[in-house]
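When you line the sequence shown up against the working numbering, it's residues 282 to 437, in that order.
These notes are about the structure you will find just below.
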Amino acid sequence: MQILQVVGFKDSGKTTLTLEFLKILKDHGKTVAVIKNHHLDEAVKEDTDTGKYHAVGSDYTVLNMPSYTMTYDQAPRDLPHLIEKFKTEDVDFVLAEGFKAEDYPKILLTYSFKSGETDIGEIGLKHVLKTFDLRYDKDSALTWFKEWSQCQNENV
Numbered sequence: 282m283q284i285l286q287v288v289g290f291k292d293s294g295k296t297t298l299t300l301e302f303l304k305i306l307k308d309h310g311k312t313v314a315v316i317k318n319h320h321l322d323e324a325v326k327e328d329t330d331t332g333k334y335h336a337v338g339s340d341y342t343v344l345n346m347p348s349y350t351m352t353y354d355q356a357p358r359d360l361p362h363l364i365e366k367f368k369t370e371d372v373d374f375v376l377a378e379g380f381k382a383e384d385y386p387k388i389l390l391t392y393s394f395k396s397g398e399t400d401i402g403e404i405g406l407k408h409v410l411k412t413f414d415l416r417y418d419k420d421s422a423l424t425w426f427k428e429w430s431q432c433q434n435e436n437v
């Protein structure tokens, strides 16, 4: 299982690029888990049945629908714990958006479309494989990812 973090400041294009990476992997038949770090508790709305179970204290709430299943854990988890869950699921790739402080291979997006230039030195990242400024480097980032993931066949 290969793991890649996509990190950067707010509005640097992390989700946009992660979606592009996901499309590349799925076009090549890969099984992919995406883990997104979110700083707010807004994903589960308390006025829904699922939110009510969560609010009262269900440790795990599973929402089973015809097309997919969602599991809500009551306790926050760190990235290693979340990745561990996929080791038995035959996942080829884990794309983790955020979790800057974790020590997995990562790319850094250096420009925030909201705040402007950012300074890598101020956040002290580990294991940065490559940096990109999505104003200019989106194509380079996609080419790099295809090489890194070994999904280079343009006919797919």
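Here a beta-carbon is modelled for each residue, glycine too, at the ideal position from N, C-alpha and C.
Predicted model, so just to flag it, every value in this text is computed and none were measured.
Query	Result
Give me the Cα-Cα distance between Ser293 and Phe413, rounded to the nearest whole angstrom.	10 Å
Is it true that the region 287-302 meets the region 324-343, where meeting means three or more beta-carbon pairs spaced less than 8 Å apart?	no
Which runs of the beta strand (DSSP E) at least 3 residues long sit entirely within the region 316-351? Give them in chain order.	341-345
Leaving out five residues before and five after Ile305 in sequence, what residues of the same chain have Cβ atoms less than 8 Å from its Cβ?	Leu423, Phe426, Lys427, Ser430, Cys432
Find out if the Cβ-Cβ distance for the pair Leu390, Leu415 is shorter than 9 Å.	yes
Does Leu389 come out as helix, strand or coil in the three-state DSSP assignment?	strand
Let me know the secondary structure DSSP gives Lys381 once reduced to three states.	coil
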